[in-house]
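Written below as structure tokens is the structure these notes are about.
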Amino acid sequence: MVRGGSFHVVLNVLETVGRRPAQLQDNQEAVPTGLMEVFSQNDFIEEVLNASTRWGKEKHFYITELIKNIGLPFVEPLLDRLTGEEDRAIRQFYLDLLVEMGGIVKKPVIERLTDERWYVVRNLLIILRDLNDPSVVSSIHGILDHPHPKVRYELLHVLIKFNDPVADKILLDEIDSSDMNRQLKAIMLAGMSRSSEVSQKLAGLLTLKGFDKNGFGIKRASVQALADIGDSSVLPILQGVLKSRSWFSRQKSNLLKIEIVESLGKYPQAEVSHMLQAIARSGSHVLADRAATIIRQFEVNTG
Numbered sequence: 400m401v402r403g404g405s406f407h408v409v410l411n412v413l414e415t416v417g418r419r420p421a422q423l424q425d426n427q428e429a430v431p432t433g434l435m436e437v438f439s440q441n442d443f444i445e446e447v448l449n450a451s452t453r454w455g456k457e458k459h460f461y462i463t464e465l466i467k468n469i470g471l472p473f474v475e476p477l478l479d480r481l482t483g484e485e486d487r488a489i490r491q492f493y494l495d496l497l498v499e500m501g502g503i504v505k506k507p508v509i510e511r512l513t514d515e516r517w518y519v520v521r522n523l524l525i526i527l528r529d530l531n532d533p534s535v536v537s538s539i540h541g542i543l544d545h546p547h548p549k550v551r552y553e554l555l556h557v558l559i560k561f562n563d564p565v566a567d568k569i570l571l572d573e574i575d576s577s578d579m580n581r582q583l584k585a586i587m588l589a590g591m592s593r594s595s596e597v598s599q600k601l602a603g604l605l606t607l608k609g610f611d612k613n614g615f616g617i618k619r620a621s622v623q624a625l626a627d628i629g630d631s632s633v634l635p636i637l638q639g640v641l642k643s644r645s646w647f648s649r650q651k652s653n654l655l656k657i658e659i660v661e662s663l664g665k666y667p668q669a670e671v672s673h674m675l676q677a678i679a680r681s682g683s684h685v686l687a688d689r690a691a692t693i694i695r696q697f698e699v700n701t702g
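Just remember that our numbering sits 399 ahead of the position in the sequence shown, which is counted from 1.
In structure tokens, the structure reads:
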């Protein structure tokens, strides 16, 4: 049946034979042991996983539900497949499926974090992050000094998501990096932080002179991250940037000012209303129009 793509039939067998806890008698199993042994055999597991690549997306829903119903026997084979799969779409399918399987994958995933291949560790961290289980954080502290930048990025993402105390320190160090790529990636994650120290660090980047290609990208990303944080203590700094003049990079300076005004809609309305009103009355038509639009949006949302 699996080889022929009839996953829904196998799934129906599981759902028919299986019993939900509320329906079980004291002497009944959720899925009979004999049936589970059949579904746990390597040949069956390999056939299902092979079929998932052969049949494509049209069968993915049934394959996913079937694997989730069977559960643990599929975890290690899926992790093995994920490690060696070269097709990005199939790799993403395995990642999503492992996350959907929930807590049963946590221990096997953590046990593989010592793998020497950076791309394997990165994918494992993505799974741990998407499980939405803060308890995984203690398990990744042992690889904080991983040499590969893409692994460090995912590590930082997990730490920030679950509010680990060490996250902000690493984030601040990365923002100070002389490597522009590392710095930019850290800034892109900084919007998840709620640290006032991180906010002030980002705001400080906006006051630096220069609008070369990298400098403008850093400043633009900082504006977006600050808006995601929504810390109103940086508003005076933003206001200072809006009032500043740049004679040699006027176009980029004006673009940054537009970014700043548009970002004000993410801050608490009470904190930015006066600032927006002042911009709307200013002589700059572009900034005034953007500010007026945000004011109208606030009025609609509160009306």
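No residue lacks a Cβ here, since even glycine has one placed at the ideal position from N, Cα and C.
When DSSP states are grouped into helix, strand and coil, Lys651 belongs to the helix group. Look at the stretch 617-679 and you find these whole runs of alpha helix (DSSP H), each 4 residues long or longer: 634-642, 649-662, 668-679. Nearest Cα to Ser537 within the set Leu558, Leu530, Glu553, Tyr518: Leu558. Judged by DSSP in its simplified three-state form, Gln440 adopts coil rather than helix or strand. The way I'd put it, the stretch 584-604 does touch the stretch 612-626; three or more beta-carbon pairs between them come closer than 8 Å.
Cβ contact annotation for Thr463 (same chain, cutoff 7 Å, sequence separation greater than five): Leu496, Glu499, in chain order.
The Cβ atoms of Glu485 and Arg521 do not sit closer than 8 Å to each other. The beta carbons of Lys665 and Ala626 sit closer together than 8 Å. Counting along the chain, no alpha helix (DSSP H) covers Val504, and no H or E run does either.
Taking 8 Å as the cut-off, the beta carbon of Leu570 is found no closer than this to the beta carbon of Ser595.
Three or more Cβ pairs drawn from the stretch 670-678 and the stretch 633-650 lie within less than 8 Å of each other, which places the two stretches in contact.
For Val474, the enclosing alpha helix (DSSP H) stretches over residues 474-483. When Asn531, Glu475, Gln623, Ala624 are compared, the shortest CA-CA separation from Gly501 is found for Asn531. Selection Phe647, Arg695, Lys642 evaluated against Gln668 yields Arg695 as nearest (Cα-Cα). Distances from the CA of Ile657 to each of Arg689, Lys642, Arg644 were compared; the closest alpha carbon is that of Arg689. In this structure, Val535 places its C-beta atom within 8 Å of the C-beta atom of Leu527.
Check the Cα spacing between Leu524 and each of Glu436, Ile539, Ile693: the tightest is with Ile539. In this structure Phe438 is in contact with Ile469, their Cβ atoms being roughly 5 Å apart against a cut-off of 8 Å.
In the structure shown, Ser592 falls within a coil segment according to DSSP collapsed to helix, strand and coil. With 16 or more other Cβ atoms from the protein chains shown falling within 10 Å of its own Cβ, Ser662 counts as buried. Judged by DSSP secondary structure, His459 falls within the alpha helix (DSSP H) whose first and last residues are 459-469. Between the C-alpha atoms of Phe610 and Arg649 there is a straight-line separation of about 9 Å.
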